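End of the sequence shown = 553 in my numbering, gap-free, step of one. No residue lacks a Cβ here, since even glycine has one placed at the ideal position from N, Cα and C. Quick caveat: nothing in here was measured; it's all calculated off a predicted structure. To keep things clear, I will list the structure first and then write my remarks on it.
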Amino acid sequence: RIRFIHSLAVASDGMAFAAMSAASSAHAAGPRRAAVLLRPLLGWIGTLAPEELPRSRGHGHWHGHGHGDGDGVPTSASPGMASPRRAYAGGAATQGTSSVGRSDQGSTSPRFYEKVSVFRHEKDREGSGSGSEGKACWGICLDTRELRTPMRKKLIVPSEVLAHAIASEWEYQESDAVRPFTMPLTQLAITTIDRTSLVRNDTVETLVGYFHTDPCLCIEDPDTDLGKLQAEKWGPVKDWFEKRIGVPLHQSVGCLVPENQSDEAVSQLRVHLESLDDWAFTAVSTLASACKSTLLALAAAHHRGAGAGVSVADAIALSRIEEEYQITKWGLVEGGHDLDRADANIRIAAPVVFSKLCAMRGQPSD
């Protein structure tokens, strides 16, 4: 049996190694079937620790009939994939929705396939605008039929490890229903292919427009306990971004009358956002919505070489710093704050992992 350890709530420093080891195990086993069982997202409440997942399913447990178009190619809408407007929570192409829900919600058709496999494309011949043209790309098959997006484009991703991670989400699905809310990497990939290129110019302007009131640059009075905490925690993110763009940033006290950043800083932020390919931009825009901070999103998605940004755990803590401070003062509301924590874990961890797996292009799994 192939064991492919995959968890979206993995600390950022260890994710690349875990993903490469998983893809290597699948490659060495022969068939490109990543028999991965993701833990249900609802089982992640209050934890970020990865755990070994159950063994792969045996053959012959499901005997459903496929849904697809006339040429036998399934679309993501057929097995219950969310439409582009629901492709992911809080991203560039859609309004934010919670990733956490009851396990009996969000299901559509029963599982109609038995095998999930990964195969290689030499080029993205459809020209999806996803930034993978002319490079080695990877696709996912359900039985013998290639997976497509709701816009009927081939679901082709730029790295083998990301393809195996997406395949694992489809392998996880039970026989009684396919539940899209348990497939965040699939949703992010679909959004990248179908929507990001259409909306990224508007999204760039939106992110730049909120730059002056970014939580990293607007803190409480430093003489207060919360202000001291914000200055301590947000300081490294501000310093990291200043080094990235080579321009100093102003930090305001309060956000009612924030101090505008220099034109040069705004221009450098826009250039940096526009330099990202569609895959990285989808991750950053999704993170910005989840974290309510463009600078924190860029730091969390950055992972190359020395001077990398922040870990998943730090990004979650920073995005919730004010709420967690209030919890220490007034207590936790069960069924409210605890669910918000779980939702933040998923909405921030998923795009960070997505960004890391996308960046592992051209690295052989063996």
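{"query": "Could you tell me whether the stretch 356–376 touches the stretch 446–462, where touching means 3 or more Cβ pairs closer than 8 Å?", "result": "no"}
{"query": "In chain order, which continuous runs of the alpha helix (DSSP H) of length 4 or greater are located wholly inside the stretch 349–418?", "result": "371–378 and 384–396"}
{"query": "Can you name, in chain order, every residue of its own chain whose Cβ lies under 6 Å from the Cβ of Leu-482, other than the five neighbours on each side?", "result": "Asp-401, Cys-403, Val-424 and Phe-428"}
{"query": "Thinking just about the alpha-carbon of each residue, which of Lys-420, Gly-396 and Tyr-397 is nearest to the one in Glu-407?", "result": "Lys-420"}
{"query": "Taking buried to mean at least 16 other C-beta atoms within 10 Å of its own C-beta, is Leu-519 buried or exposed?", "result": "exposed"}
{"query": "In terms of residue numbering, what span does the beta strand (DSSP E) encompassing Leu-329 cover?", "result": "324–329"}
{"query": "Measure the Cβ-Cβ separation of Val-303 and Glu-358 and say whether it is below 8 Å.", "result": "yes"}
{"query": "Could you have a look at His-489 and say whether DSSP puts it in helix, strand or coil?", "result": "coil"}
{"query": "Ser-439 bridges to which residues according to DSSP?", "result": "Cys-405"}
{"query": "Check for me: the beta strand (DSSP E) holding Ser-462 runs from which residue to which?", "result": "Where Ser-462 is concerned, there is no enclosing beta strand (DSSP E), although the alpha helix (DSSP H) it sits in stretches over 450–462."}
{"query": "In the DSSP assignment, find the alpha helix (DSSP H) that holds Ser-346 and state where it starts and stops.", "result": "Ser-346 -> no alpha helix (DSSP H), and no H or E assigned at all."}
{"query": "So is Asn-532 buried or exposed if we call it buried at 16+ other beta carbons inside 10 Å?", "result": "buried"}
{"query": "Residues in the same chain with beta-carbon distance under 7 Å from Asp-291, minus the five sequence neighbours each way, listed in chain order, please.", "result": "Unreliable placement is indicated for Asp-291, whose pLDDT of 42 sits below 50; no coordinate value is reported for it."}
{"query": "Name the residue from Phe-306, Phe-299 and Arg-457 whose alpha carbon lies nearest to the alpha carbon of Asp-183.", "result": "No statement about residue 183 is possible, as the shown extent of the chain runs from 188 to 553 and does not include it."}
{"query": "Are the beta-carbon atoms of His-399 and Ile-432 separated by less than 8 Å?", "result": "no"}
{"query": "In three-state DSSP terms, what is Lys-543?", "result": "helix"}
{"query": "If Ser-498 sits next to Cys-478, beta carbons under 8 Å apart, how far is it from one beta carbon to the other, in whole angstroms?", "result": "Their Cβ separation, rounded to whole angstroms, is 13 Å, which puts Ser-498 and Cys-478 out of contact at 8 Å."}
{"query": "Classify Tyr-300: buried if its beta carbon has 16 or more other beta carbons within 10 angstroms, exposed otherwise.", "result": "buried"}
{"query": "Taking the alpha carbon of Arg-528 as the reference point, which residue from Leu-544, Pro-409 and Glu-509 has its own alpha carbon closest?", "result": "Glu-509"}
{"query": "Pick from Ile-514, Trp-466 and Val-540: whose alpha carbon is nearest that of Ala-487?", "result": "Val-540"}
{"query": "Give me whichever residues DSSP pairs with Val-303 in a beta bridge.", "result": "Leu-329"}
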